[in-house]
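Those protein sequences? They're chains Y and H, same order as listed.
The numbering of the first sequence is this note's numbering, which starts it at 1 and goes up by one.
The numbering of the second sequence is this note's numbering, which starts it at 204 and goes up by one.
The C-beta atom is built at its ideal place from N, Cα and C for all residues, glycine as well.
Data block below; observations after.
Protein chains: 2
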Amino acid sequence: MPRDGTATRTRILDATEELVLEQGFAGTSVDAVIASAGTTKGGFFHHFDSKQELARALVERYVAADMELSDELFARAEQLSSDPLEQLLELFAGLQAEIERASSNPGCLYASIMYERGLVDETTRGLIAEAFRAWRTRTRAKLDEVVERYPPRVPVDLDSLADQGLAVYEGAFVLSRALSEPKLPGAQLRHFRTYLELLFRPG
Amino acid sequence: MPRDGTATRTRILDATEELVLEQGFAGTSVDAVIASAGTTKGGFFHHFDSKQELARALVERYVAADMELSDELFARAEQLSSDPLEQLLELFAGLQAEIERASSNPGCLYASIMYERGLVDETTRGLIAEAFRAWRTRTRAKLDEVVERYPPRVPVDLDSLADQGLAVYEGAFVLSRALSEPKLPGAQLRHFRTYLELLFRPG
DNA sequence: TCCATAGCAGACTAATCGGTCTGTTTCAAG
DNA sequence: CTTGAAACAGACCGATTAGTCTGCTATGGA
């Protein structure tokens with residue numbers, strides 16, 4: 001096999017991700033990507049057949065990283081405690097820490113793509129939907145464990161409660177960007193944890 | 204004065220708003236706008252000097268409508284009860300009803316623009332920031348009234364709590380779009396009201 | 001009545017877009 | 001050492017882009 005091209009491919013994806021989060025997918029030209037990635041048209045179209053396929057590959061990589069993060073957060077939470085409520089709280093504390101760590105240029109590719117959904121193909125949109133559904137399913141399962149031990153103070157729908165964490169997460173990025181307040185998403189996730197505590201924590 | 208042009212201008216803005224929410228601002232060409240609005244290049248550039256100015260005008264109109272909605276919701280809430288907590292809960296119940304009413308094509312122009320912030324001028328971004336700050340200020344003021352009568356069950360930061368409603372609102376749209384679940388935003392706002400109840404409602 | 005002007009139509013342009021094509025370089029297998 | 005294919009470089013192309021320009025049309029004031 002000739003020289004390795006994965007480095008170039010990664011650089012293209014990195015550059016695209018940064019540009020898309022700043023100016024959207026339609027607002028990011030292939031020329032801008034190759035300029036930022038330090039390659040050429042030939043190099044680009046060798047790795048990606050079209051701009052559409054670049055979007056698909058970018059989302060695929062993003063989803064994979066997201067799933068991996070999810071795995072880590074769940075694993076760490078379940079390791080720190082055997083109590084499902086403490087695990088759940090630890091899970092979102094971990095997500096909050098993750099946000100605050102990578103606080104510069106806050107944003108989520110899912111939201112970026114979904115606000116240009118008319119331009120991306122069904123496959124790519126399906127990947128995002130699946131990612132959200134995966135979060136929902138895992139969180140919902142944990143919530144089932146929680147309610148078994150701690151009955152909620154008031155009746156709540158568990159499926160939508162499982163979504164609430166991500167909803168706060170996604171929405172906080174919008175406000176954070178608009179107001180230029182990088183610490184905002186962390187504070188918002190903190191409130192969600194307080195909500196969970198008030199709902200389930202006895203006493 | 205010759206014939207009235209405000210109707211055409213309104214049609215252009217309406218068409219733009221719908222297209223931008225579907226494919227973003229950069230993904231919406233002037234040609235697509237004029238085709239959807241049923242006018243021509245001449246008509247378009249008579250009303251707007253550039254595409255940038257169209258964005259500014261669109262956001263201006265959107266902010267104005269948002270402020271008006273805010274006025275109505277606060278007025279109605281304060282009319283229904285004299286208790287600040289009931290007012291606050293009624294406020295977000297009203298917002299929830301508003302979402303569920305206009306459930307088709309859920310989305311917020313603020314988020315759409317903020318995920319293409321690199322393409323819009325500082326003035327336009329400032330308008331959005333001001334809109335969010337206005338919501339924060341008004342909600343925070345109401346929260347101050349609430350805590351005066353109902354001490355929160357656990358200590359919370361009131362500024363970020365004031366933002367939480369909009370964060371849930373914005374984030375729910377992202378999930379709703381990705382999962383094609385139009386009823387999702389309503390359920391998410393319901394959780395935020397439950398949070399407020401658990402925080403402040405005595406008993 | 002007529003005419004000045006806002007409102008609008010549509011051909012046109014320069015630049016940029018995504019994508020193609022040809023050629024060159026690199027490197028591992030034979 | 002040759003060779004064949006992957007990894008690029010960059011000129012090039014048609015289509016689309018935002019924006020311009022010229023001209024027609026409608027209408028209220030003189």
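| Within-9 Å CB hit, H:Tyr353 to chain Y | Under the Cβ criterion of 9 Å, H:Tyr353 is not counted among the residues facing chain Y.
| task | Measure from the alpha carbon of Y:Pro182 to the alpha carbon of each residue in Y:Asn105, Y:Tyr115, Y:Gly203, Y:Leu189, then state which is nearest. | result | With distances taken between Cα atoms, Y:Pro182 lies closest to Y:Asn105.
| In chain order, what residues of the stretch 15-36 of chain Y put their CB closer than 7 Å to some CB of chain H? | Residues of the stretch 15-36 of chain Y that bring their beta carbon within less than 7 Å of a beta carbon in chain H comprise Glu22, Gln23, Gly24, Ala26, Gly27, in sequence order.
| task | Indicate whether Y:Met114 and H:Ala229 have their beta-carbon atoms separated by less than 9 Å. | result | The criterion of a C-beta distance shorter than 9 Å is not satisfied by Y:Met114 and H:Ala229.
| field | Neighbourhood of H:Ile215 by C-beta, 7 Å cutoff - its chain only, sequence neighbours within 5 removed | value | Excluding residues within five positions, the ones whose Cβ falls inside 7 Å are Val236, Ala240, Thr242, Phe247, His250.
| said: Let me confirm a value: H:Ser379 is counted as buried when at least 16 other C-beta atoms fall within 10 Å, else exposed. Which label applies? | reply: By the beta-carbon neighbour count (other beta carbons within 10 angstroms, threshold 16), H:Ser379 is buried.
| field | Reduced DSSP category for Y:Arg9 - H, G, I as helix; E, B as strand; rest coil | value | Judged by DSSP in its simplified three-state form, Y:Arg9 adopts helix.
| request: Output the distance between the C-alpha atoms of H:Arg264 and H:Glu325, rounded to the nearest integer angstrom. | output: H:Arg264 and H:Glu325: Cα-Cα distance of roughly 17 Å.
| Which two residues bound the contiguous alpha helix (DSSP H) that contains Y:Lys183? | Counting along the chain, Y:Lys183 falls outside any alpha helix (DSSP H), and DSSP gives it neither H nor E.
| Going along the chain, which unbroken runs of the alpha helix (DSSP H) with 4 or more residues stay wholly within the stretch 95-140 of chain Y? | Runs of the alpha helix (DSSP H) lying entirely within the stretch 95-140 of chain Y and spanning at least 4 residues, in chain order: 109-114.
| query | Taking 9 Å as the CB-CB limit, is H:Leu346 close to chain Y? | reply | H:Leu346 does not count as touching chain Y.
| task | Measure the Cβ-Cβ separation of H:Arg328 and H:Phe277 and say whether it is below 9 Å. | result | H:Phe277 is positioned such that its CB atom lies no closer than 9 Å to that of H:Arg328.
| message | Could you give the first and the last residue of the continuous alpha helix (DSSP H) run that contains H:Val262? | response | Per DSSP, H:Val262 belongs to the alpha helix (DSSP H) from 254-283.
| Is H:Thr189 buried or exposed, if buried means 16 or more other CB atoms sit within 10 Å of its CB? | Only positions 204 to 406 of chain H appear in the structure, and residue 189 of chain H is not among them; the question remains open.
| Does H:Glu264 come within less than 9 Å of chain Y when only Cβ atoms are used? | Strictly speaking, residue 264 of chain H in this sequence is Arg, with Glu absent from that position. Output row for H:Arg264: interface = no.
| message | Contact defined as beta carbons within less than 8 Å: I believe H:Ala375 pairs with H:Val266. What is the distance between those atoms, to the nearest angstrom? | response | 20 Å between Cβ atoms; not a contact.
| message | Within the continuous alpha helix (DSSP H) that includes Y:Arg31, where are the two ends? | response | For clarity, residue 31 of chain Y is Asp in the given sequence; the question names Arg instead. Start and end: 30-37.
| task | Whole angstroms is fine: what's the gap from Y:Glu78's alpha carbon to Y:Ser103's? | result | Cα to Cα, the separation comes out at about 25 Å.
| message | Counting only beta-carbon separations shorter than 9 Å, does H:Val371 have a partner in chain Y? | response | Interface residue, yes.
| field | Closer than 9 Å to chain Y by CB, H:Ala381 | value | Yes, its Cβ sits closer than 9 Å to a Cβ of chain Y.
| field | Assigned secondary structure, H:Ala381 (DSSP; H/G/I helix, E/B strand, else coil) | value | Helix.
| Stretch pair the stretch 350-357 of chain H + the stretch 152-164 of chain Y: three plus CB contacts closer than 8 Å | The stretch 350-357 of chain H is not in contact with the stretch 152-164 of chain Y.
| From the beta carbon of H:Phe376, is the nearest beta carbon of chain Y less than 9 Å away? | Taking a beta-carbon distance threshold of 9 Å, H:Phe376 counts as an interface residue toward chain Y.
| said: Below 8 Å on C-beta distance, what does H:Arg212 contact in chain Y? | reply: Within 8 Å Cβ-Cβ: nothing; H:Arg212 doesn't reach chain Y, min ~24 Å.
| message | Distance cutoff 9 Å, beta carbons only. Does Y:Leu95 sit that close to anything in chain H? | response | So, not an interface residue.
| message | What does the alpha-carbon distance come out to for the pair H:Ala337 and H:Leu272? | response | Note on geometry: alpha-carbon atoms of H:Ala337 and H:Leu272 lie some 12 Å from one another.
| request: Assuming Y:Val174 and Y:Phe192 form a contact by the criterion Cβ under 8 Å, report the distance between their Cβ atoms to the nearest whole angstrom. | output: Not quite, the Cβ-Cβ distance comes to about 16 Å (not below 8 Å), so this is no contact.
| query | Cβ atoms of H:Asp366 and Y:Gln87: under 9 Å apart, would you say? | reply | Their beta carbons are not under 9 Å apart, which means Y:Gln87 does not touch H:Asp366 by this criterion.
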